[in-house]
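In the numbering used here, the protein residues as written are 487 to 821.
Here a beta-carbon is modelled for each residue, glycine too, at the ideal position from N, C-alpha and C.
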């Protein structure tokens, strides 16, 4: 568990408007800070309610959205303080030598961030919000530190391994672009070959040759294969991470969001994985399927605050409102 140190950098009161027209406005207190995530200084932003704090949320990242300014994270900072919920966003630690940040390190940073948040808000329920890759690291944190995590809000939580998810997602990209069985079979072969190399079960020359042949196909830009494989295997440390045993160790309430047209996560298999893993839980996970949304909680695959799904925002607010201690909102809390 990393040592947590906090350095307050800048503090000020600011007016934060609701995300929808006519949604009201409230005052939030923004604090810029840094903390030690285990040998790495991590910069963050803490958005606090003006009035009493009912709870707090630490935001965990999607793989390609590691900066705290990402619009899905900013949406939380605009939405939740009006409901009495503090939001801590931080920049994910950088990759080292091209290696993805291991989920164990992300979970350790999440636990450190919870400690930072608690120093600011006191003894209130603190949970984790995770998007895509963050929806693996969030339950991992909850499983490892059930004393710290009071609840989970997860968007596009995959119930299969990262490698299996990428096999599913890249095949779905081909299907949605009109490719047939021959191309899907070839994609399956090249992904299996690449995975074998990354596990250390195949030599690089053979694997690179398979990638070189696939690169000549018109579908290659759709399937997220590296044009040049890494010089050494092992760069994808968590490729075979099995989330189901982790889900089984989660004891806190869980809210799951899935876009109905998600092209990257096998939704039914993922929901079934959560159901199996938590079959004996006192409170099963709450599942919300978001109409008009794909992998992110936005309408029409939008990538800005205005595209955030009202269904997503309203469901999250309602669920948190029922879960957290009663409090008086400083604004409408509308999204």
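| task | Take the Cβ of residue 648 as the centre, count every other Cβ of all protein chains shown within 10 Å, and call the residue buried at 16 or more, exposed below. | result | Here residue 648 is buried: its Cβ has 16 or more other Cβ atoms, across all protein chains shown, within 10 Å.
| said: Between 579, 592, 615, which has its C-alpha nearest residue 740's C-alpha? | reply: Comparing Cα positions, the closest option is 615.
| request: Starting from the C-beta of residue 774, find all residues in its chain whose C-beta is less than 8 angstroms away, skip the five residues before and the five after it, and write them out in chain order. | output: These residues qualify, in order along the chain: 741, 742, 743, 744, 797, 798, 801.
| query | What three-state label does DSSP hand residue 751 in the structure shown? | reply | DSSP places residue 751 in coil when its eight states are reduced to three.
| message | Starting from residue 639, trace the beta strand (DSSP E) in both directions and tell me its first and last residue. | response | Boundaries of the beta strand (DSSP E) harbouring residue 639: 638-641, taken from the DSSP string.
| Is the Cβ-Cβ distance between residue 812 and residue 737 less than 9 angstroms? | In this structure, residue 737 does not lie closer than 9 angstroms to residue 812 by Cβ.
| message | According to DSSP, is residue 655 part of a helix, a strand, or is it coil? | response | It is helical.
| For residue 561, is the classification buried or exposed, using 16 other Cβ atoms within 10 angstroms of its Cβ as the cut-off for buried? | Classification for residue 561: buried.
| query | Counting Cβ pairs closer than 8 angstroms, one from the region 536-552 and one from the region 607-623, do we hit at least three? | reply | With a cut-off of 8 angstroms on Cβ pairs, the region 536-552 is in contact with the region 607-623, counting three or more such pairs.
| query | Does the distance from the C-beta atom of residue 748 to that of residue 557 stay below 9 angstroms? | reply | Going by beta carbons, residue 748 and residue 557 fall outside the 9 angstroms limit.
| query | By Cβ distance, which residues of its chain are closer than 8 angstroms to residue 776, with the 5 residues on each side in sequence left out? | reply | Once the five neighbours on either side are set aside, the close Cβ partners of residue 776 are 743, 744, 745, 746, 783, 795, 797, 798.
| query | In this structure, does DSSP put residue 508 in helix, strand or coil? | reply | Since pLDDT at residue 508 reaches only 27, below the 50 mark, its modelled position is unreliable, and no value is offered.
| request: State the beta-bridge partners of residue 744 as determined by DSSP. | output: Note: residue 744 is bridge-paired with 775 in the DSSP secondary-structure output.
| field | Through-space distance from residue 567 to residue 807, alpha-carbon basis | value | For the pair residue 807 and residue 567, the Cα-to-Cα distance works out to about 12 angstroms.
| query | residue 665 and residue 722: beta carbons closer than 9 angstroms? | reply | In this structure, residue 665 lies away from residue 722, with their beta-carbon atoms at least 9 angstroms apart.
| task | Could you tell me whether the Cβ atoms of residue 603 and residue 612 are closer together than 9 angstroms? | result | Less than 9 angstroms separates the beta-carbon of residue 603 from that of residue 612.
| query | Does DSSP put residue 535 in a helix, a strand or coil? | reply | Three-state result, residue 535: strand.
| said: Rounded to the nearest angstrom, what separates residue 607 and residue 571 at their Cα positions? | reply: Near 10 angstroms, if we compare the C-alpha coordinates of residue 571 and residue 607.
| Continuous alpha helix (DSSP H) assignments of at least 4 residues falling wholly in the region 689-751 | Here the runs fully enclosed are 690-700, 729-734.
| Residues sharing a beta bridge with residue 572, DSSP | In the DSSP output, where bridge partners are listed per residue, residue 572 has 542.
| field | Which residues DSSP lists as bridging residue 833, in chain order | value | In the structure as shown, the chain begins at 487 and stops at 821. Residue 833 is therefore absent and cannot be evaluated.
| query | Is it true that the region 683-690 meets the region 716-735, where meeting means three or more beta-carbon pairs spaced less than 8 angstroms apart? | reply | Output reads yes: the region 716-735 touches the region 683-690.
| query | In this structure, what does DSSP give as the bridge partners for residue 679? | reply | Paired residue(s): none; residue 679 is not in a bridge.
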